[in-house]
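*Asks:*
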Amino acid sequence: MPARMLRADIETLQGEAKRLQRVADLLPEPATLRPVLGPRAGQYAAVQPVAHVIDQAPGVFNQLREELRAILLDSATAFEQAAQILAGTEQAAADEVTRVSQMFERQVSVDDQAMASGTAAPDGAAAGASPATVAPATTADDPNARAGL
C-alpha cells in the first residue's frame, strides 16, 4: 500500500479520535432534578410510582452518561492506537524501501566496477548472497525437445 494512502488513513483515524473526544466533552453535566409533584405527593398511592421514577432518574441518567462517555473515550483510544499502528507500518515500509534501494545501488556499483575492470561479478555479490543455482532443463521438461524441434 503506498505511503500516501497510509498517511490519509492515519489522518482519518486521528481525526475520528479527536471527534469522539469532542463529543464526549459535549455530554451534559451530571443531572439534578427538582421535585415537581409537591410536598404532599407521597400521600397519594397513584403518584408514588411516578415519584419513585423521578427519584431514580438522576442516578440512571448519570450512569448512562458515564457509560457513554467511557465508550466514546475507549473508541477514541482505539482509533488513536490504530493510527499509531499504521504509522509504524508506514515507517517499516519506508525503511524496507530504503534498504532494498541501497542494496540495489550497491549491486549496480559492483556491476559497474566489474564491467570497468573487465570481469563479471557473480549475481548477488553485493548483497552477500550466493549465486542462484538453476537446474539444467531436461528433454522431459522442454516441449520443443520432445517434439523434435
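Our numbering runs 427 ahead of the 1-based position in the sequence shown.
Note that CB positions come from ideal geometry on N, CA and C, so glycine has one too.
Between the segment 442 to 460 and the segment 493 to 504, do at least 3 Cβ pairs fall closer than 8 angstroms?
*Replies:* Enough Cβ pairs lie closer than 8 angstroms, so yes.
*Asks:* When DSSP labels each residue in this structure, what does Glu443 get in the three-state scheme?
*Replies:* The residue labelled residue 443 in the question sits at position 16 within the sequence shown. DSSP places Glu443 in helix when its eight states are reduced to three.
*Asks:* Helix, strand or coil for Glu456? Go by DSSP, reduced to three states.
*Replies:* The residue given as residue 456 occupies position 29 in the sequence shown. Residue state, collapsed to three classes: coil.
*Asks:* Considering only their Cβ atoms, is the gap separating Glu517 from Leu433 smaller than 7 angstroms?
*Replies:* Taking the first residue of the sequence shown as position 1, residue 433 is located at position 6. Taking the first residue of the sequence shown as position 1, residue 517 is located at position 90. Yes, these two residues count as a Cβ contact at 7 angstroms.
*Asks:* Please state if the CB of Ala510 and the CB of Ile437 are separated by a distance shorter than 7 angstroms.
*Replies:* Translated into positions along the sequence shown, residue 437 becomes position 10. Translated into positions along the sequence shown, residue 510 becomes position 83. Contact flag set, yes.
*Asks:* Quick one: measure Cβ to Cβ for Pro455 and Asn489, integer angstroms, because I've assumed they're closer than 8 angstroms.
*Replies:* The sequence position of residue 455 within the sequence shown is 28, counting from 1. The sequence position of residue 489 within the sequence shown is 62, counting from 1. With a Cβ gap of about 10 angstroms, Pro455 and Asn489 do not count as contacting.
*Asks:* Taking the C-alpha atoms as reference points, what is the distance between Arg526 and Leu499?
*Replies:* Within the sequence shown, residue 526 is the residue found at index 99, counting from 1. Within the sequence shown, residue 499 is the residue found at index 72, counting from 1. Cα to Cα, Arg526 sits roughly 41 angstroms from Leu499.
*Asks:* Rounding to the nearest angstrom, what Cα-Cα distance links Glu507 and Ile481 in this structure?
*Replies:* What you label residue 507 is simply residue 80 of the sequence shown in a count that begins at 1. What you label residue 481 is simply residue 54 of the sequence shown in a count that begins at 1. Roughly 39 angstroms separates the two Cα atoms.
*Asks:* Rounded to the nearest angstrom, what separates Asp539 and Glu523 at their Cα positions?
*Replies:* The residue you call residue 539 lines up with position 112 of the sequence shown. The residue you call residue 523 lines up with position 96 of the sequence shown. Roughly 24 angstroms between the two C-alpha positions.
*Asks:* Which whole-angstrom value describes the C-beta separation of Ala451 and Arg492, a residue pair presumed to lie in contact below a C-beta threshold of 8 angstroms?
*Replies:* Your numbering for residue 451 matches position 24 in the sequence shown. Your numbering for residue 492 matches position 65 in the sequence shown. Their Cβ separation, rounded to whole angstroms, is 10 angstroms, which puts Ala451 and Arg492 out of contact at 8 angstroms.
*Asks:* Could you tell me the alpha carbon to alpha carbon distance between Ala484 and Leu453, rounded to whole angstroms?
*Replies:* The residue given as residue 484 occupies position 57 in the sequence shown. The residue given as residue 453 occupies position 26 in the sequence shown. Answer to the nearest angstrom: the Cα atoms are 20 angstroms apart.
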